[in-house]
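Everything on this sheet refers to the single structure shown next.
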Amino acid sequence: ATSGNYNDLSNRPSGGFEVDSGIDAIGTGQDYKYMYHDLGRTPKVVEITMSFNGGRSCSSKWVATDSSSGNMIALYVDYSGEVNTYLKSNTRTVCRDHSGSSSYQDFDIYVYSNKIKIKRGSERSYTRPNITEIGWVVY
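Numbering of the sequence shown is given in this note's numbering, commencing with residue 8 and proceeding in unit increments.
Put into structure tokens, the structure is as follows:
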């Protein structure tokens, strides 16, 4: 993890934003996952990249708009191998993994001054994949 003091103009990493990052795994049955960071404040931006069994992946950037919601930009590779983007405003969602036109899994994000929490959810006839790795960056 890297971090810097925003007030120290001689040491301003990532354009003056404090950054923390890591790698974790979630598996198949876990509904909540906590990833701890050292920012000392609630993150303004969260970037998530997830790898699934079967070679699929998705990545999202979530930008806070207030304490409870934000805007999400997602890039994912669906079952047919096509790359798709998904945009949503006023949401907690950080990533979606589609298994068709209407079945999907998404991940709601909750941000805190020392951690981010991911809640796993699904729609319709979606079968949860094994999430083999989560890469995350907060700033």
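Yeah, the Cβ is synthetic: ideal placement off N, Cα and C, and Gly gets one too.
- The C-beta of residue 45 has fewer than 16 other C-beta atoms within 10 Å across all chains shown, which makes the residue exposed.
- Setting aside the 5 residues that flank it on each side, residue 143 is surrounded in the same chain by 28, 29, 30, 31, 42, 53, 54, 55, 56, 123, each with a C-beta closer than 8 Å to its C-beta; the list follows chain order.
- The residue from 94, 51, 49 with its alpha-carbon nearest to that of residue 113 is 94.
- Separation of the CB atoms of residue 120 and residue 48 is rounded to 5 Å, and the pair is thereby assigned contact status at 8 Å.
- DSSP, reduced to helix, strand and coil, places residue 32 outside both helices and strands of the structure shown, so it counts as coil.
- Sequence-distant Cβ neighbours of residue 117 in its own chain, meaning closer than 6 Å and more than five residues away, are 124.
- In the DSSP annotation of this structure, the continuous segment of the beta strand (DSSP E) that includes residue 144 starts and ends at 138-145.
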